[in-house]
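J.: Residue numbers (full-length UniProt numbering): 1 to 212.
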Amino acid sequence: MDTSQSTKESGDIPIAMTDSKSSKASPPPLVATTTKKTTKKPLVSRWKRALGVLDFILRICAIGATLAAATAMGTTSQQLPFFTQFFQFKANYDDLPAFTFFVIANAMAGAYLVLSLPFSIVCIVRPHIIGARLMLLVFDTIAVPLVTAAASAAASIVYLAHNGNSNANWVAICRQFDDFCQRVTGAVVASYIAALIFVVMVIVSAVALRRN
């Protein structure tokens with residue numbers, strides 16, 4: 001009796017020990033860590049996709065601004081109704097190299113923006129992509145000084161057209177060529193708006209790359 005009880009008791013003891021070992025060997029639950037990872041990734045994807053949509057909208061606005069500036073300046077011409085036998089009073093944008101550079105720079109920026117739209121769409125579809133976003137950041141950064149330089153050069157000529165310069169005996173021509181001055185002034189304003197949009201696009205691309 002004692003031996004059977006001892007064997008039973010001794011048999012009960014390893015069963016309890018195996019249960020404790022199995023409970024100790026079982027891995028701890030990782031539910032909390034997996035849920036954090038799975039919830040973090042969709043949030044980052046949504047944030048990057050929102051930045052991609054904002055970038056696409058800004059590019060559409062910049063296309064309108066650059067093409068409007070180039071078109072307004074490139075079609076600016078005014079001829080005064082009075083003229084003499086030898087002189088005809090007429091003002092064209094291509095009479096001034098600054099205005100010609102303005103048209104070329106804004107047209108180049110507008111063409112680049114049109115070509116960049118597919119890459120912007122790729123950044124929306126695949127928000128974690130780095131190559132396309134980095135390429136847009138580089139070319140947007142190059143476009144900022146180009147458009148700004150064209151707008152600044154044209155703005156200096158527009159200022160002289162409105163105010164003149166008494167020291168250099170340059171007469172303000174906007175009193176006679178009022179339509180010409182209004183169109184070139186509007187083109188310069190549109191170009192500055194495009195330059196500002198380019199700056200915002202550079203910031204958006206930099207933020208999207210930083211969150212990688």
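C-beta atoms are modelled at their ideal positions from N, C-alpha and C, and glycine is treated no differently.
Please state if the CB of G52 and the CB of S156 are separated by a distance shorter than 9 Å.
T.: Start at 1 with the first residue of the sequence shown, and residue 156 comes out as number 156. Start at 1 with the first residue of the sequence shown, and residue 52 comes out as number 52. Contact: no.
J.: Give me the Cα-Cα distance between I207 and R49, rounded to the nearest whole angstrom.
T.: For this step, residue 207 is matched to residue 207 along the sequence shown. For this step, residue 49 is matched to residue 49 along the sequence shown. Looking at the sequence itself, residue 207 is Val, so the reference to Ile does not match. Roughly 12 Å between the two C-alpha positions.
J.: Could you tell me the distance, in whole angstroms, from the CA atom of W47 to the CA atom of N106?
T.: The count along the sequence shown starts at 1 and reaches residue 47 at position 47. The count along the sequence shown starts at 1 and reaches residue 106 at position 106. When rounded, the distance between both Cα atoms is 31 Å.
J.: Could you round the C-beta distance between V147 and A195 to whole angstroms and report it? I think they count as a contact, below 8 Å.
T.: Translated into positions along the sequence shown, residue 147 becomes position 147. Translated into positions along the sequence shown, residue 195 becomes position 195. Contact holds; Cβ gap of about 4 Å.
J.: My guess is that A187 and M73 are in contact by the Cβ rule of under 8 Å, so how many angstroms apart are they, rounded?
T.: Counting from 1 along the sequence shown, the entry for residue 187 is found at position 187. Counting from 1 along the sequence shown, the entry for residue 73 is found at position 73. Contact flag correct, Cβ pair sits at about 4 Å.
J.: Report yes if the C-beta distance between S205 and L113 is below 9 Å; otherwise report no.
T.: Against the sequence shown, residue 205 aligns to sequence position 205. Against the sequence shown, residue 113 aligns to sequence position 113. No. Outside cutoff.
J.: Hey, would you say S191 sits closer than 9 Å to A69, going by beta carbons?
T.: The residue given as residue 191 occupies position 191 in the sequence shown. The residue given as residue 69 occupies position 69 in the sequence shown. Against a cut-off of 9 Å, the Cβ pair of A69 and S191 comes out as a contact.
J.: Pick from T185, F177, L160: whose alpha carbon is nearest that of A151?
T.: The sequence position of residue 151 within the sequence shown is 151, counting from 1. Minimum Cα distance to A151 is reached at T185.
J.: Using DSSP bridges, identify the partner residues of Q78.
T.: As a position in the sequence shown, residue 78 is number 78, starting the count at 1. Bridge partners of Q78: A91.
J.: What are the residues that DSSP puts in a beta bridge with W170?
T.: By 1-based counting over the sequence shown, the position of residue 170 is 170. W170 is bridged to N165.
J.: Report all residues from its chain with a CB closer than 6 Å to the CB of S45; omit the five preceding and five following residues, and keep chain order.
T.: Start at 1 with the first residue of the sequence shown, and residue 45 comes out as number 45. Same-chain partners within the cutoff: P127.
J.: Between which residues of its own chain and L209 is the CB-CB distance below 8 Å, once the five residues before and five after are set aside?
T.: Working through the sequence shown from its first residue, we reach residue 209 at position 209. Only I130, R133, L134, L137 meet the Cβ criterion.
J.: Suppose you measure from the CA of T76 to the CA of P42; what does that come to, to the nearest Å?
T.: On the sequence shown, residue 76 is found 76 positions in, with the first residue counted as 1. On the sequence shown, residue 42 is found 42 positions in, with the first residue counted as 1. The alpha-carbon atoms of T76 and P42 are separated by roughly 51 Å.
J.: Would you call the CB atoms of L67 and I197 closer than 9 Å?
T.: In the sequence shown, counting from the first residue as 1, residue 67 sits at position 67. In the sequence shown, counting from the first residue as 1, residue 197 sits at position 197. Not closer than 9 Å, so no.
J.: Among the residues of its own chain, which have a CB less than 7 Å from the CB of I142, if the five just before and after it don't count?
T.: Translated into the one-based positions of the sequence shown, residue 142 becomes position 142. Around I142: no qualifying Cβ.
J.: Which residues in the same chain have their Cβ closer than 6 Å to the Cβ of I60, if we skip the five residues on either side of it in sequence?
T.: Taking the first residue of the sequence shown as 1, we reach residue 60 at position 60. If we look at I60 and ignore the five residues flanking it on each side, it has no Cβ neighbours.
J.: Please list, in chain order, all residues of the same chain as A172 whose beta carbon is under 8 Å from its beta carbon, the five residues on each side excluded.
T.: Taking the sequence shown and counting its residues from 1, one reaches residue 172 at position 172. Contacts found: L160, A161, H162, N163, G164.
J.: Give a yes or no on whether the C-beta atoms belonging to F102 and A65 are separated by under 9 Å.
T.: Taking the first residue of the sequence shown as 1, we reach residue 102 at position 102. Taking the first residue of the sequence shown as 1, we reach residue 65 at position 65. No, the Cβ-Cβ distance between F102 and A65 is not below 9 Å.
J.: Helix, strand or coil: how does DSSP classify Q176 here?
T.: The sequence position of residue 176 within the sequence shown is 176, counting from 1. The answer is coil: DSSP assigns Q176 none of H, G, I, E or B.
J.: Which first and last residues belong to the alpha helix (DSSP H) in which P118 is found?
T.: In the sequence shown, the residue the question calls residue 118 occupies position 118. 97-125 is the span of the alpha helix (DSSP H), which, as asked, contains P118.
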